[in-house]
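Asks:
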Amino acid sequence: MTQTKNLEVWLRGPINGVPDLLQPVAHALLQARDEVESFMQDFPEDLIWERPAGVASVGYHLQHLTGILQRLLTYARGEALTEDQLAFLYAEGKPTEATAQDLVQQFHEQVDKALEQIKLTNANTLAEVRRVGRAQVESTVMGLLFHAAEHSMRHVGQLLVTARVLRGQTNGR
């Protein structure tokens, strides 16, 4: 029997309490969390805000992963962003005193909050319209939740490549 711990999240089976149609969202968010936590172990603190070749820093991606997930879930609930959420958005990418592990932990906690919201999402509401941003662009509950998952995975990929490049630069010194 294969140990499920070593499998990607989507191969580990259904997530308890998550509606069937939202299992892919939960799987992707848990995969993102696993990859970030694994790859960011022992990441050099002096590299967190470095921007190799002008790309976004590891710190930015960690901040953005937390912020965008929170914002998209807010819209999925049919709510407007708060002043605190807007302030967080405008601060993304700006160096802070937070360590890499602090930022990883913030993302971990946001994924936990997302999973709780997903578990409480009534499958009958998935096609309901939700408005996004200042322009009030139309989406749906399902669209927002799926975008939260795919957008998170996109930034995880960018974070992993940037972190790998930075680690490679320091190993060559």
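Heads up, the sequence shown is in UniProt numbering, so the first residue is 1 and it goes up one at a time. All residues carry an ideal CB built from backbone N, CA and C; glycine is no exception.
DSSP three-state label for V18, please.
Replies: For this step, residue 18 is matched to residue 18 along the sequence shown. Three-state DSSP puts V18 in coil, outside helix and strand.
Asks: Inspect the beta-carbon positions of H155 and H27 and report whether they are closer than 8 Å.
Replies: Translated into the one-based positions of the sequence shown, residue 155 becomes position 155. Translated into the one-based positions of the sequence shown, residue 27 becomes position 27. Cβ distance not < 8 Å, so H155 and H27 don't count as in contact.
Asks: When the Cα of V58 is compared with those of A163, R167, Y90, Q169, which residue comes out closest?
Replies: As a working mapping, residue 58 is identified with position 58 in the sequence shown. The shortest C-alpha separation from V58 is found at A163.
Asks: Measure from the alpha carbon of L144 to the alpha carbon of each residue in V25, V9, N16, L11, then state which is nearest.
Replies: Residue numbering aside, residue 144 sits at position 144 when the sequence shown is read from its first letter. When only C-alpha atoms are compared, the closest one is V25.
Asks: Under 8 Å, with one C-beta from each stretch per pair, do the segment 97 to 106 and the segment 39 to 51 reach the 3-pair mark?
Replies: Short answer: they touch.
Asks: Residues in its own chain within less than 6 Å of A148 by CB, not counting five upstream and five downstream?
Replies: Residue numbering aside, residue 148 sits at position 148 when the sequence shown is read from its first letter. Around A148: L69, L72.
Asks: Put V55 into one of helix, strand or coil per three-state DSSP.
Replies: Reading the sequence shown from its first residue, position 55 is the one you call residue 55. V55: coil per DSSP, three-state reduction.
Asks: If I follow the unbroken alpha helix (DSSP H) through R77, where does it start and stop?
Replies: Working through the sequence shown from its first residue, we reach residue 77 at position 77. First-last for R77: undefined, no H or E at that position.
Asks: Going by beta carbon distance, what residues of the same chain come within less than 6 Å of A114, once the five residues before and after it are set aside?
Replies: What you label residue 114 is simply residue 114 of the sequence shown in a count that begins at 1. Excluding sequence neighbours, A114 sits near L29, L69, L73.
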